[in-house]
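Trainee: Using the numbering used here, you'd call the opening residue of the sequence shown number 4 and step up by one each time. Ideal Cβ positions, reconstructed from N, Cα and C, are used throughout, including at glycine. Sending over a structure as structure tokens; questions will come in a sec.
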Amino acid sequence: MIADGTIGGRDTIALTRMRDRFVAVWEKREVPDAGPDLLPVLTGLEVAVLDAHGALVSRETIPAPADLARRKGSVAEEGVVLEDGATLVHWVQTTTTTDDDGRVRTAARLEVSYAGNIFENASSECSHCNLTVAFASLGDETVAIVRTEPDIVVPVLGVPPPPPKFVALHLHRDRNIEPEEIPWLVPSPAGTNDPQAPGLEMAVDALGRIVVTTDGSAWLVDRSLHLLGGPIALPSADARIAWGPSNDAASIAWSVSPFTEGRSSVQNAKREVFVSPHERLSPGRQAVAIARNGNDVGVLFESANRLLFGDADDHGGKNGGDVLVRMLGDGTVSSEYGSPRIQEQIELLARGSGAFTAVTFGSGALTRTEIVCAR
């Protein structure tokens with residue numbers, strides 16, 4: 004759909020699903036023509052919107068707010084949230100200090116801008132901390148969840164580390180921010196504690212519900228952040244979850260080694276991808292994305308640098324064989340063993356009646372693949 008050499012790797016881009024569309028965001032930087040400082044300057048954020056079929060609906064450059072453009076570093080993250088008729092730009096800026104004992108400490112602050120007008124709210128800053136944030140666009144407003152935790156934890160035998168703190172922010176276009184406590188956001192102790200698991204994510208599904216994942220657990224909430232389902236413990240760092248029409252019916256895809264589960268005595272046995280409740284889908288190194296529409300469940304997974312698609316029902320039963328969606332990275336086949344190094348961000352949308360759209364973003368391109376399963 005788009006070929007652009009300024010589209011970088013997965014750590015410098017963002018691809019999200021917002022209900023029945025995809026939104027891709029990447030930086031636009033320019034090198035000054037002259038002067039003593041020739042570091043590239045952030046001039047804007049490029050935004051492309053694709054519809055449910057992956058067709059390009061719009062592409063525009065959102066100018067970087069002045070406060071963001073002036074910074075030459077210490078920006079932990081930045082991004083764009085699209086509402087109906089409005090655009091929100093956000094970033095986390097950090098400041099470091101050094102304690103008397105030589106330890107480097109971090110202070111962080113979330114900045115949010117509508118049309119160049121910056122919000123200010125004490126609920127979005129902290130000191131001696133790490134701050135991460137996730138956003139969900141609800142059309143007429145945006146909801147954010149801010150996670151803070153100490154930047155340095157001194158281990159004490161027999162004492163667990165302090166848990167992260169969470170607060171929700173309702174962001175309105177009049178620059179009014181309403182903080183809200185979310186006591187239900189307590190991760191399940193049964194969830195994976197793998198440090199590779201995503202720290203905090205939010206996504207709006209096709210029914211307008213919000214899926215929240217953090218620390219190996221997942222929740223389903225409505226637009227008012229009232230709990231509908233969860234917490235559901237996720238079995239691995241790459242686990243992906245999608246809810247069906249019922250709030251208590253979720254489909255999960257994940258990968259696992261047969262050796263870990265005691266099904267093989269070979270330590271480097273090929274990993275396999277499963278779909279809940281515990282049905283084997285296919286050999287694969289990593290579950291990448293899952294999407295569901297009614298009883299249709301689609302899973303994208305990686306094996307030997309190939310992005311593959313598998314179709315299942317809402318009970319995890321597999322339908323048909325695997326479909327090669329595309330090659331990843333440099334396009335060469337690699338080993339089926341070891342850890343994958345996926346350079347792209349990947350999303351999947353279920354359109355119903357066995358139809359799915361897969362979008363990959365990164366390494367200079369934004370691509371789409373439509374998949375239709377015979378019924």
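Please tell me whether A290 and A256 are closer than 7 Å, where the distance is taken between their beta carbons.
Mentor: Result yes, Cβ atoms of A290 and A256 sit closer than 7 Å.
Trainee: Given this structure, state the Cα-to-Cα distance separating N120 from V375, to the nearest angstrom.
Mentor: Taking the Cα positions, N120 is about 44 Å away from V375.
Trainee: Would you mind working out which of T109, E86 and P164 sits nearest F138, comparing C-alpha positions?
Mentor: E86
Trainee: Taking A242 as the reference, which of L369, Q270, G211 and E204 has the closest Cα?
Mentor: Answer by Cα proximity: E204.
Trainee: Measuring alpha carbon to alpha carbon, tell me which of A147, L141, V115 and V107 ends up nearest A131.
Mentor: In the sequence on display, residue 131 carries His and not Ala. The option with the nearest alpha carbon to H131 is V107.
Trainee: What does a CB cutoff of less than 7 Å around E80 pick up in its chain, not counting 5 residues either side in sequence?
Mentor: W94 and V95
Trainee: Use the C-beta contact count for T270: other C-beta atoms within 10 angstroms, 16 or more gives buried, fewer gives exposed.
Mentor: The question names Thr, but residue 270 is Gln in the sequence shown. Q270 is exposed by the Cβ-count criterion.
Trainee: Enumerate, from N- to C-terminal direction, the unbroken beta strand (DSSP E) stretches of 3 or more residues contained entirely within the stretch 59-84.
Mentor: 59-66
Trainee: In its own chain, which residues sit with a C-beta less than 8 Å from the C-beta of F122, not counting the 5 before and 5 after it?
Mentor: E114, V115, S116, L174, R178 and I180
Trainee: Quick check: A221 and L237, are their CB atoms within less than 7 Å of each other?
Mentor: Result yes, Cβ atoms of A221 and L237 sit closer than 7 Å.
Trainee: Should the stretch 13-28 be regarded as contacting the stretch 319-332, the criterion being three or more beta carbon pairs within less than 8 Å?
Mentor: Put simply, the stretch 13-28 does not touch the stretch 319-332. Fewer than three CB pairs are less than 8 Å apart.
Trainee: By the 10 Å Cβ neighbour count, where 16 or more other Cβ atoms means buried, how is P43 classified, buried or exposed?
Mentor: In summary, P43 is exposed, with fewer than 16 beta-carbon neighbours lying within 10 Å of its beta-carbon over all protein chains present.
Trainee: Which first and last residues belong to the beta strand (DSSP E) in which F138 is found?
Mentor: Its beta strand (DSSP E) spans residues C132 to S140.
Trainee: Rounded to a whole number of angstroms, what is the C-alpha to C-alpha distance between L48 and W29?
Mentor: 6 Å
Trainee: Indicate the three-state DSSP secondary structure (helix, strand or coil) for T46 in the structure shown.
Mentor: strand
Trainee: Which of the three DSSP states is assigned to T15 in this structure?
Mentor: helix
Trainee: Among V52, H56, R32 and D54, which residue has its Cα nearest to the Cα of L45?
Mentor: Among V52, H56, R32 and D54, the Cα nearest to that of L45 is on R32.
Trainee: Can you give the Cα-Cα distance for A110 and D154, rounded to whole angstroms?
Mentor: 9 Å
Trainee: Can you tell me whether DSSP reads S127 as helix, strand or coil?
Mentor: helix
Trainee: Any idea what DSSP makes of N296, helix, strand or coil?
Mentor: strand
Trainee: Rounded to the nearest angstrom, how far is the Cβ of G265 from that of R274, given a contact under 8 Å?
Mentor: Not really, about 15 Å apart at Cβ, beyond 8 Å.
Trainee: Give the list of continuous beta strand (DSSP E) stretches no shorter than 3 residues that lie fully inside the stretch 196-246.
Mentor: If only uninterrupted beta strand (DSSP E) runs of at least 3 residues are considered, those enclosed by the stretch 196-246 are 204-207, 213-217, 220-224, 230-236 and 243-246.
Trainee: On a CA-only basis, which of D208, T19 and V276 is nearest G320? Give me that one, please.
Mentor: Residue V276 is the option with its Cα nearest to G320.
Trainee: Would you list the residues sitting across from M4 in a DSSP beta bridge?
Mentor: For M4, which the question treats as bridged, DSSP gives no partner whatsoever.
Trainee: DSSP state of H93, grouped into three classes?
Mentor: In this structure, H93 counts as strand in the three-state DSSP scheme.
Trainee: Taking only the alpha-carbon atoms, compute the straight-line gap between G357 and G301 and give it to the nearest angstrom.
Mentor: 9 Å
Trainee: So, with DSSP's three-state summary, where would you put H173?
Mentor: It is a strand residue.
Trainee: For K75 and T97, I'd like the C-alpha separation in whole angstroms.
Mentor: Straight-line spacing of the CA atoms in K75 and T97 works out to 12 Å.
Trainee: Exposed or buried, what is G380 when buried is set at 16 or more other beta-carbons lying within 10 Å of its beta-carbon?
Mentor: Because the chain spans 4 through 378 in this model, residue 380 falls outside it and cannot be assessed.
Trainee: Indicate whether G202 and T135 have their beta-carbon atoms separated by less than 7 Å.
Mentor: yes
Trainee: Hey, quick one: how far does the beta strand (DSSP E) through A379 stretch, first residue to last?
Mentor: Here the chain has residues from 4 to 378 only, and residue 379 is not among them.
Trainee: Just curious, the beta strand (DSSP E) that N179 is in, first and last residue?
Mentor: No beta strand (DSSP E) contains N179, which DSSP labels as neither H nor E.
Trainee: What is the rounded straight-line gap between the Cα of N298 and the Cα of D317?
Mentor: 5 Å
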